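For the sequence shown, this note's numbering begins at 11 and goes up steadily by one. Here a beta-carbon is modelled for each residue, glycine too, at the ideal position from N, C-alpha and C. From a predicted model like this one, the values you see are computed outputs, not experimental measurements.
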Amino acid sequence: NKRKRSGRGGGGGGAGNGAGGDWSTQSRTDAPLPALTSATSPRPSYFTARHTYEDTLIEEIKRNLGFSLGGKDVIDKMSLQSPHPGVICLEDSKIDVTQVLPGDFDPTYALQSLPDCVVVKAESIKGLATAIMDSLLDQDDECAASIQTQLWSAPRGSLSVHALVPQMGRGVPEPQMMRRSSKVAEEVAAQMKKICPAARPARDEEDDEELKRQKWLLQILLLEPEVAAASLIQCITSAQTLPCSLTWPNWSLPAGLAKVDIEQVMPSSAYRKLLESFWYMGDRPPVDGPHVPPVVDLGACPGGWTGALRLMGCRVLSVDRSPLDDALMNDELVEFVEGDAFKFFPPWVDEYSATLDAPPDNSWMVSDIIAYPERVVELLDDWCGKRWVSRVVITCKFQGKEVPWDELQQAEAAAKSHGYACKTKHFFNNKNEVTLMAIDDSCISEAVKDPLMGMPMYPTVMVGGKIAKSKKK
């Protein structure tokens with residue numbers, strides 16, 4: 011009884027504010043656990059989201075599936091619910107849902123994706139680990155056998171292992187069951203290391219170069235002390251086509267969460283959204299140096315984004331009608347321009363109407379200005395359409411509780427129409443807004459090597475072939 015399964019988990023567009031839409035969810039207190047999987051049974055897929063935005067993600071998923079599957083009647087035959095805070099489960103009684111999801115399915119409101127999960131049950135930590143390994147590597151399952159063949163030929167160091175629990179969606183420091191989940195993941199990582207080269211450290215520069223192009227992720231979500239869902243997938247990576255290391259599912263951040271708090275007193279807390287976008291993109295503006303253009307920060311007052319960029323060593327050109335925080339106004343590497351952010355053009359452009367043949371390497375425009383999607387389109391038509399910069403990060407604000415799906419898609423389409431790869435994401439620190447990120451498709455410069463600011467909110471069990479043991483209490 012071998013079965014064939016196709017498709018992969020993981021995008022496209024949407025936003026909201028946790029108010030939900032026409033799609034209702036089952037009560038999070040009585041949602042049943044998914045059925046245990048076998049070699050012949052369908053597999054569910056999971057997504058993580060910022061707690062209180064579960065309904066918005068469900069609305070987005072159903073909206074996307076409605077377009078691809080032909081309407082609400084087809085979708086209603088699937089089970090789509092939030093069994094735990096910050097967790098969404100999509101399953102069907104007849105097919106693996108990855109058969110109907112696009113290969114790059116990266117919803118705006120999903121922080122992480124766990125496609126094509128096996129669901130197992132065992133009493134002990136070692137029992138859970140063994141059950142996960144047996145299910146993921148089941149030779150009677152054609153999909154599992156195919157994945158094993160590909161993974162065994164993957165470069166050393168390409169497998170990352172994450173331990174997850176439902177409470178992560180709340181961002182709490184020590185989620186319930188986290189230690190047990192980590193122990194299960196450590197046992198799985200140890201077993202993988204014995205039999206799979208991808209779970210061992212890279213040996214040379216050739217492996218390091220191949221790692222940019224191929225990454226694998228094994229995620230273990232402990233739903234109950236004796237029940238776990240596990241996903242093993244090759245990540246979709248931008249390294250072959252873009253000068254950054256964006257991967258989906260997110261290879262670097264368990265549950266897609268980054269800890270981006272800055273200890274110094276900042277003009278505002280809005281900087282966290284910007285730092286999260288750098289983690290998602292796997293890229294950041296370079297430290298100031300010869301031939302490095304300043305980062306343009308539009309609508310910069312009071313200076314939260316400018317302040318974070320300065321702490322990263324960047325030179326910043328900040329534009330606003332109102333002055334920045336005094337410390338930034340006195341910073342030699344901050345140039346303040348008083349004026350209308352929507353009419354500003356960068357100093358390497360002669361006039362507002364000028365269009366460049368290609369954007370300068372490592373040129374960035376970032377903006378947390380109060381701009382709704384239609385005004386964001388105006389900025390994108392200028393900064394992307396005239397090829398003024400190679401990278402853009404803009405916050406799209408929303409009015410009211412309804413999700414402006416069509417307007418947001420128009421903003422994404424505007425960037426793409428000018429030859430930019432574009433993603434929108436509702437990060438942990440976004441509220442009634444999403445962050446739009448655009449990268450020039452023709453840019454061939456190397457990704458910046460300067461370190462990102464912050465760290466994963468929760469530790470990675472294994473990355474680069476190294477297992478990080480959980481601490482004893």
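Would you grab the beta carbon distance between Val329 and Leu308 for me? Rounded to a whole angstrom, and I think it's under 8 Å.
-> Here residue 329 refers to the residue found at position 319 of the sequence shown. Here residue 308 refers to the residue found at position 298 of the sequence shown. With 8 Å as the limit, Val329 and Leu308 qualify as a contact, their Cβ atoms being about 5 Å apart.
Under a Cβ-count criterion, where at least 16 other Cβ atoms within 10 Å of its own Cβ denotes burial, should Met339 be classed as buried or exposed?
-> Stepping through the sequence shown from its first residue, residue 339 is reached at position 329. That one is exposed.
Start and end residues, alpha helix (DSSP H) containing Val194 = Taking the first residue of the sequence shown as position 1, residue 194 is located at position 184. Residues Met188 to Ile205.
DSSP state of Cys153, grouped into three classes?
-> What you label residue 153 is simply residue 143 of the sequence shown in a count that begins at 1. In the structure shown, Cys153 sits in a helix (DSSP, three-state: H, G or I).
DSSP-derived helix/strand/coil call for Pro95 = Taking the first residue of the sequence shown as 1, we reach residue 95 at position 85. Assignment of Pro95 by DSSP, reduced to helix, strand and coil, places it in the coil class.
In terms of alpha-carbon separation, which member of Asp150, Pro277, Gly167 and Asp86 lies closest to Cys206?
-> Stepping through the sequence shown from its first residue, residue 206 is reached at position 196. The residue with the shortest Cα to Cα distance from Cys206 is Gly167.
Run through the region 331-381 for me and flag every whole alpha helix (DSSP H) of 4 or more residues, listed as ranges in chain order.
-> 336-339
Measuring CA to CA, which of His301, Thr140 and Leu284 is closest to Arg294?
-> Counting from 1 along the sequence shown, the entry for residue 294 is found at position 284. Looking from the CA of Arg294, the closest CA among His301, Thr140 and Leu284 belongs to Leu284.
Could you spell out where the beta strand (DSSP E) holding Ser145 opens and where it closes?
-> Numbered from its first residue, the sequence shown carries residue 145 at position 135. Counting along the chain, Ser145 falls outside any beta strand (DSSP E), though it belongs to the alpha helix (DSSP H) covering Ile135 to Leu146.
Classify Ile272 as helix, strand or coil using the three-state DSSP reduction.
-> Within the sequence shown, numbered from 1, the residue matching residue 272 stands at position 262. The answer is coil: DSSP assigns Ile272 none of H, G, I, E or B.
Outcome for Trp226 when other beta-carbon atoms lying within 10 angstroms are tallied against a minimum of 16 = Taking the sequence shown and counting its residues from 1, one reaches residue 226 at position 216. With 16 or more other Cβ atoms within 10 Å, it is buried.
Since Leu232 sits in a beta bridge, which residues does DSSP pair it with?
-> Position 222 of the sequence shown, counted from the first residue, corresponds to residue 232. In DSSP, Leu232 forms a bridge with Ala238.
Per DSSP, what kind of secondary structure is Trp261 in: helix, strand or coil?
-> On the sequence shown, position 251 is the one that residue 261 refers to. Coil.
Assess, as a yes-or-no matter, whether the region 170-180 is touched by the region 264-272 under the definition of 3 or more beta carbon pairs within less than 8 Å.
-> Output reads yes: the region 170-180 touches the region 264-272.
Work out the CA separation of Asp336 and Val473 for me, nearest whole Å.
-> As a first step, residue 473 must be located in the sequence shown, where it is residue number 463. As a first step, residue 336 must be located in the sequence shown, where it is residue number 326. Their Cα atoms are separated by approximately 42 Å.
Alpha carbon of Lys412 to alpha carbon of Ala59, nearest angstrom = The residue you call residue 412 lines up with position 402 of the sequence shown. The residue you call residue 59 lines up with position 49 of the sequence shown. The amino acid at residue 412 is misidentified as Lys; the sequence shows Glu. Roughly 18 Å separates the two Cα atoms.
Output yes if chain C places a C-beta closer than 8 Å to the C-beta of Ser377; else output no.
-> Looking for chain C here will not work: only one protein chain is present.
Hey, how far is the Cα of Gln420 from the Cα of Val387?
-> Taking the first residue of the sequence shown as position 1, residue 420 is located at position 410. Taking the first residue of the sequence shown as position 1, residue 387 is located at position 377. Cα to Cα, Gln420 sits roughly 8 Å from Val387.
Rounded C-beta distance between Gly349 and Arg320? I'm assuming under 8 Å.
-> As a first step, residue 349 is located in the sequence shown; it is residue number 339 there, counting from the start. As a first step, residue 320 is located in the sequence shown; it is residue number 310 there, counting from the start. Not confirmed; about 21 Å, so no contact.
So Val107 packs on Ser48, CB below 8 Å; how close in whole Å?
-> Residue 107 sits at position 97 when you count from the first residue of the sequence shown. Residue 48 sits at position 38 when you count from the first residue of the sequence shown. The pair is not a contact, with the Cβ atoms about 17 Å apart (cut-off 8 Å).
With DSSP as the reference, label Ser452 as helix, strand or coil.
-> Reading the sequence shown from its first residue, position 442 is the one you call residue 452. Correct three-state label for Ser452: coil.
Give the range of the alpha helix (DSSP H) segment to which Leu108 is assigned.
-> Residue mapping note: residue 108 aligns to position 98 of the sequence shown, counting from 1. For the record, residue 108 in the displayed sequence is Thr; it is not Leu. Element bounds for Thr108: n/a, residue is neither H nor E.
Which whole-angstrom value describes the C-beta separation of Glu101 and Pro44, a residue pair presumed to lie in contact below a C-beta threshold of 8 Å?
-> Position 91 of the sequence shown, counting from 1, holds the residue named residue 101. Position 34 of the sequence shown, counting from 1, holds the residue named residue 44. Yes, they are in contact, since the Cβ atoms of Glu101 and Pro44 sit about 6 Å apart, within 8 Å.
Check whether the region 437-448 touches the region 198-205, taking contact to mean three or more Cβ pairs, one atom from each stretch, closer than 8 Å.
-> no
Sub-8 Å separation of Leu95 and Gly181 beta-carbons | Residue mapping note: residue 95 aligns to position 85 of the sequence shown, counting from 1. Residue mapping note: residue 181 aligns to position 171 of the sequence shown, counting from 1. Contrary to the premise, residue 95 reads as Pro rather than Leu in this sequence. Not closer than 8 Å, so no.
Nearest to Ala238 by alpha carbon, out of Ala448, Lys435 and Gly137?
-> Taking the first residue of the sequence shown as 1, we reach residue 238 at position 228. Distance from the Cα of Ala238 is smallest, within the candidate group Ala448, Lys435 and Gly137, for Gly137.
In terms of alpha-carbon separation, which member of Glu64, Ala318 and Lys269 lies closest to Ala120?
-> Position 110 of the sequence shown holds residue 120. Check the Cα spacing between Ala120 and each of Glu64, Ala318 and Lys269: the tightest is with Glu64.
Which residues in the same chain as Asn260 place their Cβ atom closer than 6 Å to its Cβ, once the five residues preceding and following it in sequence are excluded?
-> In the sequence shown, counting from the first residue as 1, residue 260 sits at position 250. Excluding its 5 nearest sequence neighbours in each direction, Asn260 has C-beta neighbours in its own chain below 6 Å: Gln122 and Gly266, listed in chain order.
Extent of the continuous beta strand (DSSP E) run through Arg401 = Reading the sequence shown from its first residue, position 391 is the one you call residue 401. First-last of the beta strand (DSSP E) with Arg401: Arg401 to Lys407.
DSSP state of Ser37 mapped onto helix, strand, coil = Here the question's residue 37 lines up with position 27 in the sequence shown. Confidence in Ser37 is poor, its pLDDT being 37 and thus under 50, which makes the residue's placement too unreliable to answer from.
Quick one: grab the DSSP three-state call for Thr118.
-> Numbered from its first residue, the sequence shown carries residue 118 at position 108. DSSP places Thr118 in coil when its eight states are reduced to three.
Just confirm the distance between the C-beta atoms of Lys104 and Pro52, as a whole number of angstroms; I'd bet it's less than 8 Å.
-> On the sequence shown, position 94 is the one that residue 104 refers to. On the sequence shown, position 42 is the one that residue 52 refers to. Your pair Lys104 and Pro52 checks out as a contact, with CB atoms roughly 6 Å apart and the cut at 8 Å.
Alpha-carbon to alpha-carbon, Met465 and Pro211 | As a position in the sequence shown, residue 211 is number 201, starting the count at 1. As a position in the sequence shown, residue 465 is number 455, starting the count at 1. Each residue's Cα considered, the two are about 21 Å apart.
Local conformation of Trp289 per DSSP, three classes = Here residue 289 refers to the residue found at position 279 when the sequence shown is read from its first residue. Helix at Trp289.
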